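Student: Residue numbering for the sequence shown follows UniProt numbering, starting at 1 and increasing by one per position.
All C-beta atoms, glycine included, are put in the ideal place defined by N, C-alpha and C.
What you are looking at is a predicted structure, and each value in this text was computed from that prediction instead of being measured.
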Amino acid sequence: MKLSNYGEFPADIPVIAEDELFLYPFMISPLFLNDEQNIAAATKAIDENSLVIVCPTKAGHEGEREYESLYDAGVVGSIMRKVSLPDGRVKVLFQGLARAKSLYKISDNPLEAHVDILEATEVNSLKIDAILEVVREKVRALSAVSNYFPPDLLRTIEENHDHNRIIDLICSTIKLKKEQAYKLFVETDTEKRFLDLIDILIDEIEANKLQREIRSKVHTHIEKVNKEYFLKEQLKQIQKELGTDTAREEEIEEYYKKLEAKKSKMGEDAYKEIKKQLERFARMHPDSSDASMTQTYLDWVLDIPFGAYAKKSLKIENVETQLDKDHYSLEKPKERIVEYFAVKELLELRGIALKKGAGAILCFSGPPGVGKTSLANSIATALKRPLIRIALGGLEDVNELRGHRRTYVGAMPGRITQGLIDAKKMNPVIVLDEIDKVSRSQRGDPTAALLEILDPEQNSEFRDYYLNFDLDLSNVIFIATANDVGRIPAPLRDRMEFITLSSYTPQEKFEIAKRYLIPQELKKHGLKKSELTISKPALRELIHSYTREAGVRNLRRRIAEMCRKAAREILKNSEVNKVSISLKNLKEFFDKSVFEIEKTDKIPVVGVVNGLAWTAVGGDVLKIESIRIRGKGNLQLTGSLGDVMKESARIAMSVVKTLIDKRKLR
Numbered sequence: 001m002k003l004s005n006y007g008e009f010p011a012d013i014p015v016i017a018e019d020e021l022f023l024y025p026f027m028i029s030p031l032f033l034n035d036e037q038n039i040a041a042a043t044k045a046i047d048e049n050s051l052v053i054v055c056p057t058k059a060g061h062e063g064e065r066e067y068e069s070l071y072d073a074g075v076v077g078s079i080m081r082k083v084s085l086p087d088g089r090v091k092v093l094f095q096g097l098a099r100a101k102s103l104y105k106i107s108d109n110p111l112e113a114h115v116d117i118l119e120a121t122e123v124n125s126l127k128i129d130a131i132l133e134v135v136r137e138k139v140r141a142l143s144a145v146s147n148y149f150p151p152d153l154l155r156t157i158e159e160n161h162d163h164n165r166i167i168d169l170i171c172s173t174i175k176l177k178k179e180q181a182y183k184l185f186v187e188t189d190t191e192k193r194f195l196d197l198i199d200i201l202i203d204e205i206e207a208n209k210l211q212r213e214i215r216s217k218v219h220t221h222i223e224k225v226n227k228e229y230f231l232k233e234q235l236k237q238i239q240k241e242l243g244t245d246t247a248r249e250e251e252i253e254e255y256y257k258k259l260e261a262k263k264s265k266m267g268e269d270a271y272k273e274i275k276k277q278l279e280r281f282a283r284m285h286p287d288s289s290d291a292s293m294t295q296t297y298l299d300w301v302l303d304i305p306f307g308a309y310a311k312k313s314l315k316i317e318n319v320e321t322q323l324d325k326d327h328y329s330l331e332k333p334k335e336r337i338v339e340y341f342a343v344k345e346l347l348e349l350r351g352i353a354l355k356k357g358a359g360a361i362l363c364f365s366g367p368p369g370v371g372k373t374s375l376a377n378s379i380a381t382a383l384k385r386p387l388i389r390i391a392l393g394g395l396e397d398v399n400e401l402r403g404h405r406r407t408y409v410g411a412m413p414g415r416i417t418q419g420l421i422d423a424k425k426m427n428p429v430i431v432l433d434e435i436d437k438v439s440r441s442q443r444g445d446p447t448a449a450l451l452e453i454l455d456p457e458q459n460s461e462f463r464d465y466y467l468n469f470d471l472d473l474s475n476v477i478f479i480a481t482a483n484d485v486g487r488i489p490a491p492l493r494d495r496m497e498f499i500t501l502s503s504y505t506p507q508e509k510f511e512i513a514k515r516y517l518i519p520q521e522l523k524k525h526g527l528k529k530s531e532l533t534i535s536k537p538a539l540r541e542l543i544h545s546y547t548r549e550a551g552v553r554n555l556r557r558r559i560a561e562m563c564r565k566a567a568r569e570i571l572k573n574s575e576v577n578k579v580s581i582s583l584k585n586l587k588e589f590f591d592k593s594v595f596e597i598e599k600t601d602k603i604p605v606v607g608v609v610n611g612l613a614w615t616a617v618g619g620d621v622l623k624i625e626s627i628r629i630r631g632k633g634n635l636q637l638t639g640s641l642g643d644v645m646k647e648s649a650r651i652a653m654s655v656v657k658t659l660i661d662k663r664k665l666r
């Protein structure tokens, strides 16, 4: 017989002796090995990437490792993990795969045996199905008088159709004597296994009923304090015997403390969901994959700053002062921002609640580098709130915003929830950067999630799929930025109020560089104000000939390049304590002018006309040339011309034809 991907059976494999109980297929069990024989067998199996059989010791032979002291049956499986413990023991994580029979010994130390798989046989499946219903009935009866079967296991037994799998599940759950377990384990006739199991279940039901009656009578005689003390001491001893790490218990207790501390600040649904997952985590085996996923979930949700808000500091003069301090020019955008927050402050002062859906979301639109994100930063500073930037450029998966469902490996909360955690406040300023570059894919439409996030009527109950409960985003100030407003979907545009930032003029760039960029770059590069000076003509030449942009990003890069060269010169030559940049030596810092300004022809030239090209990041003057050649009178357009330019050329051609006809020039 071939077992999964592990080869043919019968086969020679290492043997591990287990003193306590029978293991069963499909179980993942930790085994603590404290003798050389078992450790050698586990090591050999790992080194040779082979299976291993775990055989229980016979009753009265616990601790013995001779082949004759073991039952001639056990579960064949693989070792998933091996860990050496400080006390000299070795802990392995074992996964059972199939019941097997140990036929005879092959070698000692490590103990190896010739093993074959026990294959189950079924003669009358209808009869077995009828017997299975009796077994399920007995399991339900035993569950009513004991704690053997949790709901998930009961559901598995009810829904599973693998007869021998059901028998193994029940046997691994109830307490069986070794002889009983062995008899059921080695039996290959499924019908016989079921009948023997029914007898055992009947005995267990009667025994548990009796124990329940005794416990009920004893319970009334035990004082509450003594009972609690007894259970705690008993738990300590059990953990000591099992080698359970008390650090896990302390970790669970710490989670409970965090949850109770935030209980009054979070919604009832959130509290119930987190508590449910925490109780589930406490019941899990620490080495299971579900435990790791649940712990990650608890770490995320208990870091959400429920009830933590930045102190309200909405004063219109603070906003105005901060905007003027951080930005030169931009008078119209700054005026509109101040008006926006003036309305909010007036409503707060007069105790008027803002009608749901009435508060538009600000969206700063304009070319790159004109100060859109910087304006948002100034607003956050003036309001004394943390600023969180969420880059939406290229975003095409809705789960990036809404969070991934926990059924997926590596699931985590969405960017909005992560932003709240990073801000440590529930009312930060969140900048949705480049909202015009969001795209749709087969993984969903992020625009739909943005509609909910930005809609004041809906965002008080924003549901992150990972959290599985609602978050209140109504106190968050959302500010969007975009380069091209036309690319934003219409439903999303309806929820925004656009403030347009146009390109800077050369004079504005000059003032921005002098007031902000140069001092900032000097500080960033460790230079004093006296160690680098840039003359006004040099700065103007830098703007005209070495940069061509709507904003000032490339200008900042050029100034940073000057600072680096100055820093190198000062360190390289001890006699130099100051670097001056003038119009004469500007070319020494840069290879050559990147851009040359071309003047348009003062005198019109026949066949040449000036055209204007415009994009979201700026524009330019283009020379459009034409030439007359022999042909059929068709207009040929060359180059990558846009539709508007093509239409203009056709109109010009039509005008020329009209003039020719009117003036009879043919």
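Are there 16 or more other CB atoms within 10 angstroms of the CB of Met80, so buried, or fewer, so exposed?
Tutor: Answer is exposed; the Cβ neighbour count stays below 16.
Student: Quick check on this structure: which residue in Thr190, Ser289 and Val576 has the alpha carbon closest to the alpha carbon of Arg165?
Tutor: Thr190
Student: For residue 667 and Lys91, I'd like the C-alpha separation in whole angstroms.
Tutor: As shown, the chain starts at 1 and ends at 666. That puts residue 667 outside it, with no answer to give.
Student: Taking just the CA atoms, how far does Tyr546 sit from Lys657?
Tutor: 44 Å
Student: So the candidates are Asp152, Asp287 and Gly393; which of them puts its Cα closest to the Cα of Ser439?
Tutor: Ser439 has its Cα closest to that of Gly393, out of Asp152, Asp287 and Gly393.
Student: For Asn459, count neighbouring Cβ atoms within 10 angstroms of its own Cβ and tell me buried if that reaches 16, exposed if not.
Tutor: buried
Student: What is the rounded straight-line gap between the Cα of Gly639 and the Cα of Leu622?
Tutor: 13 Å
Student: Measure from the alpha carbon of Asp290 to the alpha carbon of each residue in Leu383, Thr173, Tyr408 and Glu179, then state which is nearest.
Tutor: Tyr408
Student: Report the residue from Thr121, Asp455 and Val485 whose alpha carbon sits nearest the alpha carbon of Asp472.
Tutor: Asp455
Student: Just list the beta strand (DSSP E) runs in the UniProt domain "Lon proteolytic" (603-666), keeping only unbroken ones of 3 residues or longer that don't cross its boundaries, in chain order.
Tutor: Residue ranges of uninterrupted beta strand (DSSP E) with 3 or more members, entirely inside the UniProt domain "Lon proteolytic" (603-666) and ordered along the chain, are 608-615 and 618-625.
Student: With H, G and I counted as helix, E and B as strand and the rest as coil, what does DSSP make of residue 667?
Tutor: Residue 667 falls outside the range modelled here, since the chain spans only 1 to 666, and no answer is possible.
Student: Based on DSSP bridge pairs, tell me the residues matched to Gln95.
Tutor: Ile28 and Ser78
Student: Distance check for Ile479 and Gly414, CA to CA, integer angstroms please.
Tutor: 18 Å
Student: What is the rounded straight-line gap between the Cα of residue 725 and the Cα of Ile388?
Tutor: Because the chain spans 1 through 666 in this model, residue 725 falls outside it and cannot be assessed.
Student: Between Ser502 and chain B, is there a C-beta pair that is closer than 8 Å?
Tutor: This model lacks chain B altogether; it includes just one protein chain.
Student: Touch check for the stretch 512-519 and the stretch 341-348: three-plus C-beta pairs under 8 Å?
Tutor: Contact between the stretch 512-519 and the stretch 341-348 is absent, because fewer than three Cβ pairs lie under 8 Å.
Student: For my contact list, Glu531 and Lys578 are in at a C-beta cut-off of 8 Å; report their separation, rounded to the angstrom.
Tutor: Taking C-beta atoms under 8 Å as the contact rule, Glu531 and Lys578 qualify, at a distance of about 6 Å.
Student: Per the contact definition of three or more C-beta pairs closer than 8 Å, is the stretch 131-151 in contact with the stretch 25-45?
Tutor: no
Student: Who are the near neighbours of Tyr104 in its chain, counting only those whose CB is closer than 8 Å to its CB and skipping five residues on each side?
Tutor: Ala113 and His114
Student: What residues in its chain sit with their C-beta under 7 Å from that of Ala40, if we drop five residues either side in the sequence?
Tutor: Asn109 and Pro110
Student: Suppose contacts are defined by Cβ-Cβ distances below 8 Å. Is Ile200 in contact with Leu176 by that definition?
Tutor: yes
Student: Going along the chain, which residues of its own chain have a beta-carbon closer than 7 Å to the beta-carbon of His404, five neighbours each way excluded?
Tutor: Ala411, Met412, Tyr465 and Tyr466
Student: Using the three-state DSSP reduction, which class does Pro56 fall into: helix, strand or coil?
Tutor: strand
Student: Could you give the C-beta distance for Val145 and Phe94, rounded to a whole number, given that I count them as a contact under 8 Å?
Tutor: No, Val145 and Phe94 are not in contact; Cβ-Cβ is about 31 Å, not under 8 Å.
Student: Please check the pair Ala649 and Leu659, which I expect to be a contact at CB under 8 Å, by giving their CB distance rounded to whole angstroms.
Tutor: Going by Cβ atoms, the distance from Ala649 to Leu659 rounds to 16 Å, so no, they are not a contact pair.
Student: My assumption, with CB atoms under 8 Å, is that Lys372 sits in contact with Thr447. Please give the rounded CB distance.
Tutor: 20 Å between Cβ atoms; not a contact.
Student: Run the CB neighbour count on His327, radius 10 Å, all protein chains shown included, and call it buried at 16 or more, exposed below.
Tutor: buried
Student: Is it the case that the Cβ atoms of Gln322 and Thr417 are separated by a distance below 8 Å?
Tutor: no
Student: Here's the rule: buried if 16 or more other CB atoms are within 10 angstroms of the residue's CB, otherwise exposed. What is Tyr309?
Tutor: exposed
Student: Classify Glu119 as helix, strand or coil using the three-state DSSP reduction.
Tutor: The answer is coil: DSSP assigns Glu119 none of H, G, I, E or B.
Student: By how many angstroms is the C-alpha of Asp433 removed from the C-alpha of Gln234?
Tutor: 58 Å
Student: Alpha carbon to alpha carbon, what distance is there between Arg540 and Arg556?
Tutor: 14 Å
Student: In three-state terms, what does DSSP make of Gly357?
Tutor: Low confidence applies to Gly357: its pLDDT is 42, below 50, so where it sits in the model is not reliable, and the reading given next is rough at best. Coil at Gly357, not helix or strand.
Student: Roughly how many whole angstroms lie between the Cα atoms of Ser535 and Cys563?
Tutor: 14 Å
Student: Can you check whether the CB of Lys524 is closer than 8 Å to the CB of Val552?
Tutor: no
Student: Any idea what DSSP makes of Ser84, helix, strand or coil?
Tutor: strand
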